[in-house]
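Student:
Residue numbers (our numbering): 3 to 493.
1) What residues are listed by DSSP as bridge partners for residue 306?
2) Quick check on residue 437: does DSSP put it in helix, strand or coil?
3) Can you tell me whether DSSP reads residue 131 as helix, strand or coil?
4) Under a Cβ-count criterion, where at least 16 other Cβ atoms within 10 Å of its own Cβ denotes burial, should residue 297 be classed as buried or exposed?
5) Quick check on residue 150: does DSSP put it in helix, strand or coil?
6) Suppose you measure from the CA of residue 168 to the CA of residue 226; what does that come to, to the nearest Å?
7) Just checking my contact of residue 443 with residue 317 at CB under 8 Å: how many whole Å lie between their CB atoms?
8) For the beta strand (DSSP E) holding residue 243, just list the boundary residues, first then last.
9) Under a three-way DSSP split, which group does residue 491 fall into?
10) Going by other Cβ atoms of all chains shown within 10 Å of its Cβ, with 16 needed for buried, is residue 474 buried or exposed?
11) Between residue 147 and residue 370, what straight-line distance do the alpha-carbon atoms span, to the nearest angstrom?
12) How big is the Cα-Cα spacing for residue 445 and residue 83?
13) At 4 residues or longer, what runs of the alpha helix (DSSP H) sit wholly inside the stretch 162-193?
14) Output yes or no for whether 8 Å exceeds the beta carbon distance between residue 302 and residue 361.
15) From the DSSP secondary-structure annotation, give me the bridge partner or partners of residue 87.
16) Going straight from the alpha carbon of residue 77 to that of residue 417, what length do you get?
17) Whose CA, out of 348, 341, 336, lies closest to the CA of residue 322?
18) Among residues of its own chain, excluding the 5 on either side of residue 132, which ones have a beta-carbon nearer than 6 Å to its beta-carbon?
19) For residue 414, which three-state DSSP category applies?
20) Kindly indicate the opening and closing residues of the alpha helix (DSSP H) around residue 382.
21) So residue 286 is in the beta strand (DSSP E); what residue range does that whole segment cover?
22) Using a threshold of 8 Å, state whether the C-beta atoms of residue 163 and residue 88 are closer than that.
23) Hey, is residue 190 close to the ligand SAH, as in C-beta under 7 Å from one of its heavy atoms?
24) Hey, how far is the Cα of residue 493 from the Cα of residue 137?
25) Output needed for residue 453: all residues of its chain with C-beta closer than 7 Å, excluding positions within five of it in sequence on either side, in chain order.
26) Roughly how many angstroms separate the alpha carbons of residue 249 and residue 256, rounded to a whole number?
27) When burial is assigned at 16 or more other CB atoms within 10 Å of the CB, is residue 415 buried or exposed?
28) Suppose you measure from the CA of residue 49 to the CA of residue 399; what does that come to, to the nearest Å?
29) Can you tell me whether residue 112 is buried or exposed? The criterion is at least 16 other CB atoms within 10 Å of its CB, across all chains shown.
30) In whole angstroms, what is the alpha-carbon distance linking residue 151 and residue 469?
31) With three or more C-beta pairs closer than 8 Å as the rule, is the stretch 264-280 touching the stretch 170-178?
So, in structure tokens, the structure goes:
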């Protein structure tokens, strides 16, 4: 049976008016409302048409130094955005220096051979532009982004190329950066959500680089200017990068500017760091991070899932949307609207060049930890064992494609979509086929996908909360390991 979708105009209107009743109520207020009575209002009737979406395609060229460039003309607003991806990131950090890729990226705008940190900030502010860089943990890229009014395109490109090609990583700015980062780490360690994420990724990935979710005080104190310069000189090369441009630009005009500012970037051989083998999934277990006197329990449950270019990616997008993709999904409706255990319960996936995780997450009152764990497990079993109703599947598919269509209004989202195609070597017509591929997912496919990627035999559950109150409860759900908030195993 064909999946059913709204016409785009109806989708836009419906998204502006639809809601879930009781969404504004707190958990205690909605406790007594059964799931069957949660009514969605103002839903437009469904027709049989697939929402057709056609992405504008970028024009591509390569500089003589090997830099791949994508240019996407979007003339609705007088703005321009640039996005440079370096194909090396936190996954390539030395094991004794977690955070090096991020340190390098964030220090790019703290001084160049032509400007001080203060001068860079002033020059960016003078033209009302933005300029930033990052390298997130678990990723294999570093990114530099810049945006502003199209009339300042020349100045934006000059600033961006300066920080990419000519950083000096001055010692005085590095000292300030370290002080800020150490304060950030101290604050993070006080947050139960960080403790849950830290232990979860460690349990899931072991010695694989994706196990790191943050720098350590040791790595912050240890990093030197020489190490930043070395990382930059080894990996920041045009033949190891992709530059995307989107906005109110003309291809014939922007190409000479890109050549002007990035054509002199010297290419050189880049070592492709070999990732170690991914650890085999561990048998299912529960891990408690004992945070005495916590009044709530933070729960993460999940397992290794898939790579971004896996053919099962779209089926898992649909399956995850049904289970935990938003406030109309099963986890939210069950744990919040019916049971009143939490203000929110969701699931998500973060695929990359390695099998990224699928994760379900919620924060609940300590007293309802047992009930919340049971509810999560029940929902996992249900989507693995029962066919999803056609209507529920239709609504999920419609929401996914509608959200996708609306996101195309943003030039930066469009640009990121095409950079994703390039980086992960997806089919050139990947996004043109996306709505139809979403529509092809059947109830049987959802069930098979859940059985494959919501892997109860290898499910890792991490709970951060008061050990004296929840330890015995958690033992009901599998073998239990206990850690303190500093990451030391105590049981």
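Backbone N, C-alpha and C define an ideal beta-carbon position, used for all residues, glycine too.
Tutor: Taking the structure as given:
1) 359
2) In the three-state DSSP reduction, residue 437 falls in the helix class (H, G or I).
3) coil
4) exposed
5) strand
6) 17 Å
7) Correct: roughly 5 Å between the Cβ atoms.
8) 243-249
9) strand
10) exposed
11) 44 Å
12) The straight-line gap separating the alpha-carbon atoms of residue 445 and residue 83 is approximately 40 Å.
13) DSSP runs (the alpha helix (DSSP H)) wholly in the stretch 162-193: 173-190.
14) yes
15) 145, 244
16) 14 Å
17) 348
18) Excluding positions up to five away in sequence, the list reads 149.
19) The three-state secondary structure of residue 414, taken from DSSP, is helix.
20) 371-387
21) Note, residue 286: premise wrong, no beta strand (DSSP E); not H, not E.
22) no
23) The ligand SAH is not among the ligands present in this structure, which contains no ligands whatsoever.
24) Annotation: residue 493 to residue 137 spans about 35 Å, alpha carbon to alpha carbon.
25) 386
26) 11 Å
27) exposed
28) Residue placement at residue 49 is poorly supported in this model, since its pLDDT is 43, which falls under 50; the coordinates still yield a value, given next. Roughly 13 Å between the two C-alpha positions.
29) buried
30) Their Cα atoms are separated by approximately 54 Å.
31) no
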